[in-house]
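Reviewing the structure listed below.
Residue numbers (the numbering used here), protein chains in the order written: chain A, 83 to 194; chain B, 13 to 127.
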């Protein structure tokens, strides 16, 4: 089965610094990867996704890196802002199937 | 679009009572998901519908849980009878579907407390 885990449960960064949130997955057949942000009292919100035929994808202030060799995924947030404070989840699925497995989440705390 | 709409936002019920959670997906989305979130187990997929048909209900904890999607714009998750261990935040999400993975859009969730 699929298991998805995060390396750090809590990450504290200074405002303006870059943040890196990591995720490890176990199923080598995984081919679709998503990062979600969840603020307190709200549902998860899509940030960025990447498919297995890519190793890097950039959005606005965010970059996702995929290393299929070691089954590792990371989310980089540039110039972290207080509004970035939230819990971040990676989610993984395989085979074109809509079922995704969520990681346990990393809490990002931005220090003003 | 108003996004995925869930009701109620909060539900407090007594053990043994029936609970019904409701969801309106985003118009045009073909896939609908019910998730449960707890501190201990994180986000768990309970059931997934595609074109109103249940595709995978392997995450449904037990027979006390049931879900329906009578049409493309409405789904329910029912717990009967409810138990204190069912206390959690229940999320509904929808996505375009169509056989290719796309991001899911989540509702605000229903916080269920069973006393």
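Where a beta carbon is used, it is the ideal one built from N, C-alpha and C, also for glycine. Just so you know, these numbers come straight off a predicted model, no measurement behind them.
Taking Cβ-Cβ distances below 7 Å as the criterion, which residues of the region 100-122 of chain A are in contact with chain B?
114, 116
With H, G and I counted as helix, E and B as strand and the rest as coil, what does DSSP make of residue 97/B?
Taking the second chain and counting its residues from 1, one reaches residue 97/B at position 85. Residue 97/B falls in the helix class under three-state DSSP.
How about residue 186/A: is its C-beta nearer than 7 Å to some C-beta of chain B?
In the first chain, the residue the question calls residue 186/A occupies position 104. Yes, its Cβ sits closer than 7 Å to a Cβ of chain B.
Between the CA atoms of residue 92/B and residue 49/B - distance to the nearest angstrom
Here residue 49/B corresponds to residue number 37 of the second chain, with the count starting at 1. Here residue 92/B corresponds to residue number 80 of the second chain, with the count starting at 1. C-alpha separation (whole angstroms): 19 Å.
Could you have a look at residue 166/A and say whether DSSP puts it in helix, strand or coil?
As a working mapping, residue 166/A is identified with position 84 in the first chain. Residue state, collapsed to three classes: helix.
Which residues in chain B have a C-beta closer than 7 Å to the C-beta of residue 124/A? List them in chain order.
The residue you call residue 124/A lines up with position 42 of the first chain. Correct list: 120.
Using a Cβ-Cβ cut-off of 7 Å (strictly less than) and excluding sequence neighbours within five positions of residue 114/B, which residues of its own chain qualify?
Residue 114/B sits at position 102 when you count from the first residue of the second chain. Cβ within range, chain order: 107, 108.
Since residue 115/B meets chain A, which of its residues come closer than 8 Å, beta carbon to beta carbon?
The count along the second chain starts at 1 and reaches residue 115/B at position 103. Simply 116, 128, 131.
What's the gap between the Cα of residue 61/B and the Cα of residue 67/B?
Residue numbering aside, residue 61/B sits at position 49 when the second chain is read from its first letter. Residue numbering aside, residue 67/B sits at position 55 when the second chain is read from its first letter. Residue 61/B and residue 67/B: Cα-Cα distance of roughly 5 Å.
First and last residue of the uninterrupted beta strand (DSSP E) at residue 23/B:
In the second chain, counting from the first residue as 1, residue 23/B sits at position 11. Element bounds for residue 23/B: 22-25.
Please confirm whether residue 103/B has its beta-carbon closer than 7 Å to some beta-carbon of chain A.
Here the question's residue 103/B lines up with position 91 in the second chain. So, interface residue.
Looking only at its chain, what residues have a beta carbon closer than 8 Å to the beta carbon of residue 141/A, apart from the 5 residues adjacent to it on each side?
On the first chain, position 59 is the one that residue 141/A refers to. Only 129, 130 meet the Cβ criterion.
Going by DSSP, what residue range makes up the beta strand (DSSP E) through residue 139/A?
If you number the first chain from 1, residue 139/A lands on position 57. Here the beta strand (DSSP E) through residue 139/A covers 138-140.
Same chain only: Cβ atoms within 6 Å of residue 121/A, ignoring 5 sequence neighbours per side
To locate residue 121/A, count along the first chain from 1; it is residue 39. These residues qualify, in order along the chain: 168.
Taking the CB atoms as reference points, tell me whether residue 29/B and residue 94/B lie closer together than 7 Å.
Against the second chain, residue 29/B aligns to sequence position 17. Against the second chain, residue 94/B aligns to sequence position 82. Yes.
Residues in the region 32-46 of chain B with C-beta within 8 Å of chain A's C-beta atoms, listed in sequence order?
43, 45
Is it true that the CB of residue 121/B sits closer than 7 Å to the CB of residue 185/A?
Numbered from 1 along the first chain, position 103 holds the residue referred to as residue 185/A. Numbered from 1 along the second chain, position 109 holds the residue referred to as residue 121/B. The answer is no: Cβ separation not under 7 Å.
How about residue 35/B and residue 87/B: are their beta carbons less than 7 Å apart?
As a working mapping, residue 35/B is identified with position 23 in the second chain. As a working mapping, residue 87/B is identified with position 75 in the second chain. A contact, by the Cβ cut-off of 7 Å.
What does residue 146/A pair with, by DSSP beta-bridge criteria?
Translated into the one-based positions of the first chain, residue 146/A becomes position 64. For residue 146/A, which the question treats as bridged, DSSP gives the partners 139/A, 157/A.
What are the start and end residues of the beta strand (DSSP E) that includes residue 59/B?
Here residue 59/B refers to the residue found at position 47 when the second chain is read from its first residue. It spans 54-62 - the beta strand (DSSP E) in which residue 59/B sits, taken as one unbroken run.
So is residue 69/B in contact with chain A if we call contact Cβ pairs under 7 Å?
For the purposes of this step, residue 69/B is taken as the residue at position 57 of the second chain. Not an interface residue.
Buried or exposed for residue 175/A, going by 16 or more other Cβ atoms inside 10 Å?
Indexing the first chain from 1 puts residue 175/A at position 93. The residue is buried, with at least 16 neighbouring Cβ atoms inside 10 Å.
Since residue 124/B sits in a beta bridge, which residues does DSSP pair it with?
In the second chain, residue 124/B corresponds to position 112, counting from 1. Residue 124/B is bridged to 23/B, 100/B.
When DSSP labels each residue in this structure, what does residue 104/A get in the three-state scheme?
Walking along the first chain from the start, residue 104/A turns up at place 22. Residue state, collapsed to three classes: strand.
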